[in-house]
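So the sequence shown is numbered by the working numbering: it starts at 63 and just counts up by one. No residue lacks a Cβ here, since even glycine has one placed at the ideal position from N, Cα and C. These numbers come from a predicted model, not from an experiment. A quick write-up on the structure given underneath.
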Amino acid sequence: MKTTVDIPDSLLEETKRVAARDKTTVRALIEHGLRQVLAERKRVRGFHLRNATFKGQGLQPNLEGVTWDQIRDLAYEGHGA
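Written out as structure tokens, the structure is:
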């Protein structure tokens with residue numbers, strides 16, 4: 063398939079020099095570069111939140127029946143919140 067791509071003149075000139083030095087074509091270098099970028103992106107995984115739980119018996123007995131808002135207020139108590 064043919065397509066047209068606009069690239070900076072300086073990049074094209076450097077690509078031509080590398081192609082001549084390596085006895086290959088600009089097309090081959092472009093294909094190689096695109097394949098490499100696509101392969102790298104396939105390897106990139108999405109964000110994974112590590113397991114940050116800890117051993118324990120749950121909430122402290124004095125916090126049973128307390129709302130999340132109250133727990134948050136206790137957590138920030140004395141910290142200017």
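Cβ shell of residue i (< 6 angstroms), same chain only, five flanking positions each side left out
i	result
Q132	none
Sequence-distant residues of the same chain with beta carbon closer than 8 angstroms to residue i, five excluded per side
i	result
T87	A81
Distance between residue j and residue i (C-alpha atoms, nearest Å)
i	j	result
H94	G108	25 angstroms
M63	D71	23 angstroms
L125	L111	27 angstroms
W130	L74	59 angstroms
Q119	G127	15 angstroms
R83	L100	25 angstroms
Continuous alpha helix (DSSP H) stretch holding residue i: start and end
i	result
E75	71-83
G95	88-105
L136	130-138
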